[in-house]
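Enquirer: Protein chains in written order, with my numbering: chain D, 230 to 631; chain V, 818 to 1164.
Sharing a structure below in structure tokens format, with a few things to ask.
Rendered as structure tokens:
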């Protein structure tokens, strides 16, 4: 037994020296104006990398575009970021590293890391945005520095229910429809269930929530459960590949004619259409970020930027503009702090973000407003439907709160 | 001039630290551990705390796998038991964090012993599958027993307070983690100088021979599961209190595999090996991330492929380590020490 004598010294010192050296290199970029440091973590290699990669490219693309156009009041944005592979431990490491390097704001990614970091975020006073739209993050006491750009999952589910009620009536039916909510079995998937259930009960909708088990190759059993329940509509809240399997199963079971599918945002994108093929036709999507197939003015800047690099927004898909506009809202907050001539720190940035009212994203999202009592950017979105392999707009903005 | 360590008395054989160099090193190590947080950055402390928690978990697993020879793929599940027990007792019943941590260790020990029952009949790969079942059953229970665990939702744990001071800042929690890691190491090193520890090793080396010599296999195997799970539960409880939040996603089968990798790379049946493995598996990805950041600044073109190079390098380094030193990092450290101590007459 050789006990516990070990070169922790060497290992930690190497990591430490490396990070200090890097911080020193990163700091003196030769810019005349001091850069604005924003930290970010991306999933480029983990389980959500299919959507995480275009989102990360959108964040980076906006920063590059903004810097090329003079930065924020002449100061460039310095995005310090790395891949974390959807591992919460790594997210924690990168977060503390970047906070130590003096980032004023942070762009996160998933529900797991955003929830795990929220108490640190509050203690460090770092305004934080992520691509997780879980309503838990809107609790102003537990998560005072989290801001949400997209429509929350709860609101998405309520909007889907609202649309289902209208659609049910306009088809000449009486009463209220029966709705099954099939969801990813995780905090991400389950977060809208209580709010959706409460809304359904208040409106006389028969509602059931069915989790999608992990590690199965088909969802025939879950569909049978929904069918037995007598569902007229199925709201799907998962990511694209299981959602594609689900609608393919529904098609092969002959359920697509009797049941309408409404996908919430993480399974309503170009990837879903590509994977589901024919089975995607007719599926409705509750999409807070307008897809490039329905061009709006807010797509032009990212599209032009991408075209200059030999790509296009159509190629990158809606998650690119999602990342782009998330960063744009953060930049707007920074601009307001600088315009007011205040010191750029987390508290001032939070106050500036809370002052944003009806920020126009060029139609990519409903206008975004924050206040000191709510960090929910908006509560409305438009519905889209897959027609001939493309997302086509089928409604105007529907709000979750009438 | 030495050429090796030789004992002339049983007493000398039982001594933990045999040479002056060993004694000096342990003093240096303790001094370093005590001084580190005063010089380290917050990032350094976060890494140190993650290494500390992983060390406790890896020592726990090593007691079972490395010392007793009972392979386990249930590590993630047992950590979940510890984390959820501690989290629920503190969040729902308002129990102080130190008390809930202790209860969590005891509950995990009990659960570990129950899932250890198949080990009496099963060995090797068959036991691996039985413990894999434990992993899956525990995670299934955690995600479906909603009344108690909150199901798949995140369980929020209040900040651990001690005399009105919030303990889970990186600096303060460092003392908790490394204090407990020190106790765990001390307990384990000494465990294998007792009748119980010797019985565990006898079971690992030849279970039938051990039985013939009077080792009660059933009792000692369950005891190994219980002691191992006690420390694994401790690691889980520390994660709950450190991070204020418990979700099942942190305790999947990946975690079980990661910890097995830690003890294999670090060195099976060794306390220092558990630490080496935990530090290696935590710090290597962090070092790779920092290295790739430096590369990104000098060669911006490879920005897009860096994450993949990083993943490939991680895998490659592990494979190379295993090829060139199958006995783990512990053996490399041993060889290095021997080289200098015995020079020029080592053989």
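Note that CB positions come from ideal geometry on N, CA and C, so glycine has one too.
Would you kindly work out how many angstroms separate the C-alpha atoms of residue 1011 (chain V) and residue 350 (chain D), rounded to a whole number?
Expert: Taking the straight line from one Cα to the other gives about 47 Å.
Enquirer: Step through the CB atoms of chain V and report whether any lies within less than 7 Å of the CB of residue 317 (chain D).
Expert: At least one chain V Cβ lies under 7 Å of residue 317 (chain D).
Enquirer: Apply the 10 Å Cβ neighbour rule to residue 1090 (chain V) and answer buried if 16 or more other Cβ atoms are within range, or exposed otherwise.
Expert: By the neighbour-count rule (16 or more Cβ atoms within 10 Å), residue 1090 (chain V) is buried.
Enquirer: Let me see if you follow: with CB-CB separation under 7 Å, is residue 860 (chain V) close to chain D or not?
Expert: Closer than 7 Å: yes.
Enquirer: Rounded to a whole number of angstroms, what is the C-alpha to C-alpha distance between residue 1121 (chain V) and residue 414 (chain D)?
Expert: Distance between the alpha carbons of residue 1121 (chain V) and residue 414 (chain D) is about 31 Å.
Enquirer: Return no unless some Cβ of chain D is closer than 7 Å to the Cβ of residue 1142 (chain V).
Expert: No, because no Cβ of chain D sits closer than 7 Å to the Cβ of residue 1142 (chain V).
Enquirer: What residues in the stretch 406–422 of chain D have a beta carbon less than 8 Å from any beta carbon of chain V?
Expert: Under the 8 Å Cβ criterion, the stretch 406–422 of chain D contributes 414, 415, 416, 418, 419, 420.
Enquirer: Taking just the CA atoms, how far does residue 425 (chain D) sit from residue 390 (chain D)?
Expert: Distance between the alpha carbons of residue 390 (chain D) and residue 425 (chain D) is about 8 Å.
Enquirer: By the 10 Å Cβ neighbour count, where 16 or more other Cβ atoms means buried, how is residue 452 (chain D) classified, buried or exposed?
Expert: By the neighbour-count rule (16 or more Cβ atoms within 10 Å), residue 452 (chain D) is buried.
Enquirer: Along the chain, where does the alpha helix (DSSP H) containing residue 478 (chain D) start, and where does it finish?
Expert: Run containing residue 478 (chain D): 469–481, per the alpha helix (DSSP H) assignment.
Enquirer: Mind listing the chain D neighbours of residue 968 (chain V)? Cutoff is C-beta to C-beta under 8 Å, in chain order.
Expert: The contacting residues are 419.
Enquirer: Beta strand (DSSP E) containing residue 620 (chain D): first to last residue?
Expert: Start and end: 619–622.
Enquirer: Can you tell me whether residue 937 (chain V) is buried or exposed? The criterion is at least 16 other CB atoms within 10 Å of its CB, across all chains shown.
Expert: The residue is exposed, with fewer than 16 neighbouring Cβ atoms inside 10 Å.
Enquirer: Going along the chain, which unbroken runs of the alpha helix (DSSP H) with 4 or more residues stay wholly within the stretch 1079–1141 of chain V?
Expert: Segments of the alpha helix (DSSP H) lying fully in the stretch 1079–1141 of chain V: 1088–1115, 1123–1141.
Enquirer: Are the beta-carbon atoms of residue 872 (chain V) and residue 1095 (chain V) separated by less than 7 Å?
Expert: In this structure, residue 1095 (chain V) lies closer than 7 Å to residue 872 (chain V) by Cβ.
Enquirer: Nearest CA to the CA of residue 890 (chain V): which residue from V:964, V:1108, V:1140, V:1075?
Expert: Of V:964, V:1108, V:1140, V:1075, the residue nearest in Cα terms is V:1075.
Enquirer: In or out: residue 359 (chain D) buried (at least 16 other Cβ within 10 Å) or exposed?
Expert: Buried, because 16 or more other Cβ atoms sit within 10 Å of the Cβ of residue 359 (chain D).
Enquirer: Could you tell me which of D:387, D:433, D:468 sits nearest to residue 630 (chain D), measuring between CA atoms?
Expert: Minimum Cα distance to residue 630 (chain D) is reached at D:387.
Enquirer: Who are the Cβ neighbours of residue 984 (chain V) in its own chain at under 8 Å, not counting the five residues just before and after it?
Expert: Contacts found: 914, 976, 977, 978, 990, 993, 1058.
Enquirer: Output the distance between the C-alpha atoms of residue 1172 (chain V) and residue 954 (chain V), rounded to the nearest integer angstrom.
Expert: As displayed, chain V neither begins before 818 nor continues past 1164, which places residue 1172 (chain V) out of reach and without an answer.
Enquirer: From this set, D:377, D:354, D:355, D:356, which residue's C-alpha is nearest residue 365 (chain D)'s C-alpha?
Expert: For residue 365 (chain D), the nearest C-alpha among the options comes from D:377.
Enquirer: Just to check my reading of the structure: residue 611 (chain D) and residue 625 (chain D) have Cβ atoms closer than 8 Å, yes? What is that Cβ distance to the nearest angstrom?
Expert: Going by Cβ atoms, the distance from residue 611 (chain D) to residue 625 (chain D) rounds to 6 Å, so yes, they are a contact pair.
Enquirer: In chain order, what residues of the stretch 1121–1152 of chain V put their CB closer than 8 Å to some CB of chain D?
Expert: Going along the stretch 1121–1152 of chain V in chain order, one finds 1123, 1124, 1125, 1127, 1128, 1147, 1150, 1151 with a Cβ nearer than 8 Å to chain D.
Enquirer: Considering Cα atoms alone, identify which of D:380, D:542, D:567 is closest to residue 361 (chain D).
Expert: The candidate whose alpha carbon is nearest that of residue 361 (chain D) is D:380.
Enquirer: Would you say residue 341 (chain D) lies against chain V (beta-carbon separation less than 7 Å)?
Expert: Closer than 7 Å to some Cβ of chain V, the Cβ of residue 341 (chain D) qualifies, so yes.
Enquirer: Using a Cβ-Cβ cutoff of 7 Å, what residues of the stretch 290–318 of chain D are near chain V? List them in chain order.
Expert: Per Cβ criterion, the list reads 311, 312, 317, 318.
Enquirer: Going along chain V, which residues have a C-beta under 8 Å from residue 336 (chain D)?
Expert: Per Cβ cutoff of 8 Å: no residues; residue 336 (chain D) is ~17 Å from chain V at best.
Enquirer: From residue 551 (chain D) to residue 355 (chain D), what distance separates their C-alpha atoms?
Expert: Between residue 551 (chain D) and residue 355 (chain D), the C-alpha separation is close to 21 Å.
Enquirer: Just list the residues that DSSP pairs residue 604 (chain D) with in beta bridges.
Expert: None, per the DSSP bridge assignment.
Enquirer: Can you grab the Cα-Cα spacing for the pair residue 1066 (chain V) / residue 587 (chain D), in whole Å?
Expert: Roughly 37 Å between the two C-alpha positions.
Enquirer: Can you confirm whether residue 1060 (chain V), when its beta carbon is compared against all beta carbons of chain D, has any partner nearer than 7 Å?
Expert: Judged by the 7 Å Cβ criterion, residue 1060 (chain V) is in contact with chain D.
Enquirer: Which one of V:964, V:1099, V:1106, V:1153 has the shortest CA to CA distance from residue 864 (chain V)?
Expert: Of V:964, V:1099, V:1106, V:1153, the residue nearest in Cα terms is V:1099.
Enquirer: Please list, in chain order, the chain D residues whose beta carbon lies closer than 8 Å to that of residue 1102 (chain V).
Expert: By Cβ distance, chain D contributes 319.
Enquirer: At a CB-CB cut-off below 8 Å, which residues of chain D make contact with residue 867 (chain V)?
Expert: Residues of chain D passing the Cβ test: 318, 321, 322.
Enquirer: Mind listing the chain V neighbours of residue 571 (chain D)? Cutoff is C-beta to C-beta under 9 Å, in chain order.
Expert: Those do not exist, as residue 571 (chain D) stays about 25 Å from chain V at its closest Cβ, beyond 9 Å.
Enquirer: Please compile the residues from chain D whose C-beta is within a distance smaller than 7 Å of the C-beta of residue 1041 (chain V).
Expert: Going along chain D, no residue has its Cβ under 7 Å from residue 1041 (chain V), so there is no contact; the nearest lies around 17 Å.
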